[in-house]
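Residue numbers (my numbering): 503 to 687.
No residue lacks a Cβ here, since even glycine has one placed at the ideal position from N, Cα and C.
Quantities reported herein were computed from a predicted structural model and do not represent experimental measurements.
Only one structure is covered here, and it is reproduced in the block below.
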Ligand SMILES: C[S@@+](CC[C@H](N)C(=O)[O-])C[C@H]1O[C@@H](n2cnc3c(N)ncnc32)[C@H](O)[C@@H]1O
């Protein structure tokens, strides 16, 4: 019996440390003005994203799916399970968030390939379908630097400033909309 309680205490201790590390990273992001972690709502958005990709890139097997600011990579995992891809990459800057994601992948498949990197120093493979739930400022800078050229970009909620979206798909959830930017031309 004593071993059971010791084991339970150990689990609680590990859980608390992990939670504090996650919180610490979030606080650090506040200070550095980085985007905080917030998850997409897959129940509604997952289906909309899948349908949109089927419409714009029916040959998805020729594309690399890149989830920029991937968080726990739930979206890329969802889309990897439903569509054929050349490759799937989840780019995330936060080491703690990424560690959590990797632990998730021990239990939930399919796993996606993680790249721990600042999106501004990452060379986007082409052709790519880019999913982004990240700030307007980051999106706009990536666009101005030409990093999104040649990509089909799907943004949740946030827009690229000064660029008319190819399509805006309204959502019922508070995350409001998915914006499609077809920059493949
Ligand atoms: C709003 S969350 C989105 C999480 C996930 N994509 C989703 O939709 O559920 C934004 C994520 O972007 C990451 N992030 C912020 N700035 C970044 C950067 N410059 N490069 C890579 N990742 C970044 C944050 O750590 C955070 O996990």
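* CB-CB length for residue 566 against residue 634, believed under 8 angstroms -> That pair is no contact at about 14 angstroms.
* Flag this pair as yes or no: are the beta carbons of residue 665 and residue 683 separated by less than 8 angstroms? => yes
* Asked: Using a threshold of 7 angstroms, is the CB atom of residue 680 nearer than that to any non-hydrogen atom of ligand 1?
  -> Checking the 7 angstroms criterion, the Cβ of residue 680 is out of range of every heavy atom belonging to ligand 1.
* Asked: Does the pairing of the segment 543-560 with the segment 671-687 give three or more beta-carbon distances under 8 angstroms?
  -> As far as the Cβ criterion goes, the segment 543-560 touches the segment 671-687, which means the pair count is three or higher.
* Asked: Is the segment 552-567 in contact with the segment 584-594, if contact means three or more CB pairs nearer than 8 angstroms?
  -> yes
* Asked: What's the C-alpha gap between residue 514 and residue 607?
  -> 21 angstroms
* residue 651: CB within 7 angstroms of a non-hydrogen atom of ligand 1 -> no
* Asked: When DSSP labels each residue in this structure, what does residue 672 get in the three-state scheme?
  -> DSSP places residue 672 in strand when its eight states are reduced to three.
* To do: Specify the secondary structure class of residue 509 as computed by DSSP and reduced to three states.
  => Residue 509 falls in the helix class under three-state DSSP.
* Using alpha carbons as the reference points, say which of 655, 521 and 623 lies closest to residue 599. => Comparing Cα-Cα distances from residue 599 to each of 655, 521 and 623, the minimum goes to 521.
* To do: Along the alpha helix (DSSP H) that carries residue 563, what are the first and last residues, could you check?
  => No alpha helix (DSSP H) contains residue 563, which DSSP labels as neither H nor E.
* Look up residue 614 in the DSSP assignment and say whether it is helix, strand or coil. => coil
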